[in-house]
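Right, one structure below, let's go through it.
In the numbering used here, the protein residues as written are 53 to 363.
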């Protein structure tokens, strides 16, 4: 609950009408700083259209194949990407480390978790034109090298290592400040954050096609606990130092009453607390595991076995 509250406050902060720059020459509000990028908006609309088209086709064929909740989750994922990249959060990320952490949170934990939950492969394939659908569909057959590559990348130890290495690397002062100074590097950072997070979350949700078959709930829980621990360590590494890790923020206009070092502590705290969001899927997995065990015990109960006995 604490992580949800922290995220909500951080997301709503840029839209506050009382928020203004302490030394901004125009004295304007950051809530007006929408970053309308045609390339981002075009991709969001395109991917949304393809998925929705495929979802509707599958819905007409068999309503049991896809669910309204999956469509809603996919749209939440798209909106999360849009909020991260075109809303005032993006503009504030260049001046506030805390807003940069919120932006990363949307690209690491919200959007890439929503997409696998939406069971995207089938709907996306059915949203493509027939010829393209057949060609793309061949990539997912068991004998294809593409599917094998996905199998390797989503193998839990590999996916976890790629995700964590990428996350820590981009928070190193050299790469972090390079991304703030160069738009192309910043775009690369966001692309790698999202793609590696998608690989990370894929085996947790394990949507179709199930590249690794049935994955034990226990493995998934350990996987997420390990992610929680490393995220906590990263948040501590950012928030606890009394020196400025990223001097870039000392040279940009500040918000009133929020120094660069306090902003750093706030940003690290957001990263620290947001790590507890991994606990949400852990709770879901534990619930499913216990429910499965309870059902198994019921199936094996003497009374039920007696009722099944031939008479």
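Even for Gly, the Cβ is constructed at its ideal location relative to N, Cα and C.
**OP:** Could you have a look at residue 307 and say whether DSSP puts it in helix, strand or coil?
**Re:** Within the chain shown, numbered from 1, the residue matching residue 307 stands at position 255. In the three-state scheme derived from DSSP, where H, G and I count as helix and E and B as strand, residue 307 is classed as strand.
Subject >> Residue from 260, 273, 103, 143 whose Cα sits closest to the Cα of residue 124 >> reply: In the chain shown, counting from the first residue as 1, residue 124 sits at position 72. With respect to the C-alpha of residue 124, the residue from 260, 273, 103, 143 having the closest C-alpha is 103.
Original post:
For the alpha helix (DSSP H) that residue 222 lies in, which residues bound it at each end?
Top reply: Here residue 222 refers to the residue found at position 170 when the chain shown is read from its first residue. Here the alpha helix (DSSP H) through residue 222 covers 208-222.
Original post:
Whose CA, out of 321, 109, 273, lies closest to the CA of residue 369?
Top reply: Absent from the structure is residue 369, since the part of the chain shown begins at 53 and ends at 363.
Subject >> Buried or exposed (CB count within 10 angstroms, at least 16 for buried), residue 253 >> reply: On the chain shown, residue 253 is found 201 positions in, with the first residue counted as 1. Per the 10 Å Cβ criterion, buried.
Original post:
residue 294 by DSSP, collapsed to three states: which one?
Top reply: Residue numbering aside, residue 294 sits at position 242 when the chain shown is read from its first letter. Coil, per DSSP.
Subject >> Unbroken alpha helix (DSSP H) run spanning residue 259, endpoints >> reply: Your numbering for residue 259 matches position 207 in the chain shown. That residue, residue 259, is in no alpha helix (DSSP H); it is neither H nor E in DSSP.
Original post:
Is it true that the stretch 167-184 meets the stretch 253-269, where meeting means three or more beta-carbon pairs spaced less than 8 Å apart?
Top reply: Counting C-beta pairs with one atom in each stretch, the stretch 167-184 and the stretch 253-269 have three or more that are closer than 8 Å, which means they touch.
Original post:
What's the gap between the Cα of residue 317 and the Cα of residue 225?
Top reply: As a first step, residue 317 is located in the chain shown; it is residue number 265 there, counting from the start. As a first step, residue 225 is located in the chain shown; it is residue number 173 there, counting from the start. Each residue's Cα considered, the two are about 15 Å apart.
**OP:** Enumerate in chain order the residues of its own chain whose CB-to-CB distance from residue 277 is below 8 Å, with the five nearest sequence positions on each side excluded.
**Re:** Along the chain shown, read from residue 1 onward, the residue named residue 277 stands at position 225. Same-chain partners within the cutoff: 330, 334.
Original post:
If you compare alpha carbons, which of 202, 245, 323, 332 is closest to residue 263?
Top reply: Residue mapping note: residue 263 aligns to position 211 of the chain shown, counting from 1. Nearest option by C-alpha distance: 202.
**OP:** Assign residue 364 to buried or exposed, taking buried as 16 or more other Cβ atoms, counted over all protein chains shown, within 10 Å of its Cβ.
**Re:** There is no way to answer for residue 364, as the model of the chain reaches only from 53 to 363.
**OP:** Report, in whole angstroms, the separation of the C-beta atoms of residue 205 and residue 189, which I expect to be a contact under 8 Å.
**Re:** As a first step, residue 205 is located in the chain shown; it is residue number 153 there, counting from the start. As a first step, residue 189 is located in the chain shown; it is residue number 137 there, counting from the start. Taking the Cβ atoms as the reference, residue 205 lies roughly 19 Å from residue 189, outside the contact range of under 8 Å.
Subject >> Helix, strand or coil at residue 103 according to DSSP, with G and I counted as helix >> reply: By one-based count along the chain shown, residue 103 stands at place 51. Three-state result, residue 103: helix.
Original post:
With a Cβ-Cβ cutoff of 7 Å, do residue 162 and residue 121 count as a contact?
Top reply: Residue numbering aside, residue 162 sits at position 110 when the chain shown is read from its first letter. Residue numbering aside, residue 121 sits at position 69 when the chain shown is read from its first letter. For residue 162 and residue 121, no; Cβs fall outside 7 Å.
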